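Chemist: Residue numbers (our numbering): 127 to 262.
Idealized CB from N, CA, C, for every residue including glycine.
Here the structure is a predicted model, which is why all the values come from computation and not from measurement.
Dropping the structure in here first, questions after.
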């Protein structure tokens with residue numbers, strides 16, 4: 127898979143990229159949490175930002191293909207199947223961010239449980255990017 131942010135397939139729109147880069151460049155963020163990481167496109171945008179290369183990124187997702195197939199439209203599930211075949215979503219995410227392996231922590235859990243766990247462990251998060259589930 128290509129690891130150039132402009133070509134890594136995912137759903138991070140240009141407007142989201144601009145906002146993420148603005149937030150990262152205007153704030154001293156030591157600890158960032160992305161809720162909903164999927165294949166790692168927005169995580170790569172965050173990690174590509176060179177303002178604070180010591181920043182730790184916590185990536186939260188269930189990486190549950192069955193959930194996606196039960197809850198998303200057929201065109202999205204077909205896109206996932208066409209793009210990564212039967213590969214594990216979590217393994218695909220890790221492969222896409224291999225060059226950053228020491229700068230992020232992948233948390234395979236639901237948003238609520240992951241945030242509760244981070245709080246219980248005393249991990250302070252400076253900024254969140256919420257892109258999970260897309261349901262209200």
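Report all residues from its chain with a CB closer than 8 Å to the CB of residue 231; omit the five preceding and five following residues, and keep chain order.
Modeler: Once the five neighbours on either side are set aside, the close Cβ partners of residue 231 are 182, 183, 184 and 185.
Chemist: Please classify residue 183: does DSSP put it in a helix, a strand, or coil?
Modeler: Residue state, collapsed to three classes: strand.
Chemist: Do residue 165 and residue 218 have their C-beta atoms within less than 8 Å of each other?
Modeler: Against a cut-off of 8 Å, the Cβ pair of residue 218 and residue 165 comes out as a contact.
Chemist: Leaving out five residues on either side along the sequence, give the residues of the same chain with a beta carbon under 7 Å from the beta carbon of residue 240.
Modeler: Cβ neighbours of residue 240 beyond the five flanking positions: 186 and 233.
Chemist: Would you kindly check if the distance between the Cβ of residue 151 and the Cβ of residue 171 is under 8 Å?
Modeler: No. Outside cutoff.
Chemist: Which residue marks the beginning of the beta strand (DSSP E) containing residue 230, and which one marks its end?
Modeler: Unbroken beta strand (DSSP E) run through residue 230: 230-234.
Chemist: Is the separation between the beta-carbon of residue 253 and that of residue 154 shorter than 8 Å?
Modeler: No, the pair does not count as a contact, with Cβ atoms beyond the cut-off.
Chemist: Looking at the unbroken alpha helix (DSSP H) that takes in residue 198, where does it start and where does it end?
Modeler: Careful: residue 198 lies outside any alpha helix (DSSP H) and carries neither H nor E.
Chemist: Just to check my reading of the structure: residue 249 and residue 163 have Cβ atoms closer than 8 Å, yes? What is that Cβ distance to the nearest angstrom?
Modeler: About 17 Å separates the two Cβ atoms, so there is no contact after all.
Chemist: Write down the C-beta distance between residue 237 and residue 161 rounded to the nearest angstrom, noting that I regard them as a contact closer than 8 Å.
Modeler: With a Cβ gap of about 5 Å, residue 237 and residue 161 count as contacting.
Chemist: Hey, how far is the Cα of residue 194 from the Cα of residue 207?
Modeler: One C-alpha to the other measures close to 11 Å.
Chemist: Please go through the same chain and pick out, in chain order, the residues whose beta-carbon is closer than 6 Å to the beta-carbon of residue 256, but skip the five residues on each side of it.
Modeler: Correct list, in chain order: 161.
Chemist: How many Å lie between residue 228 and residue 180 at the Cα?
Modeler: About 10 Å.
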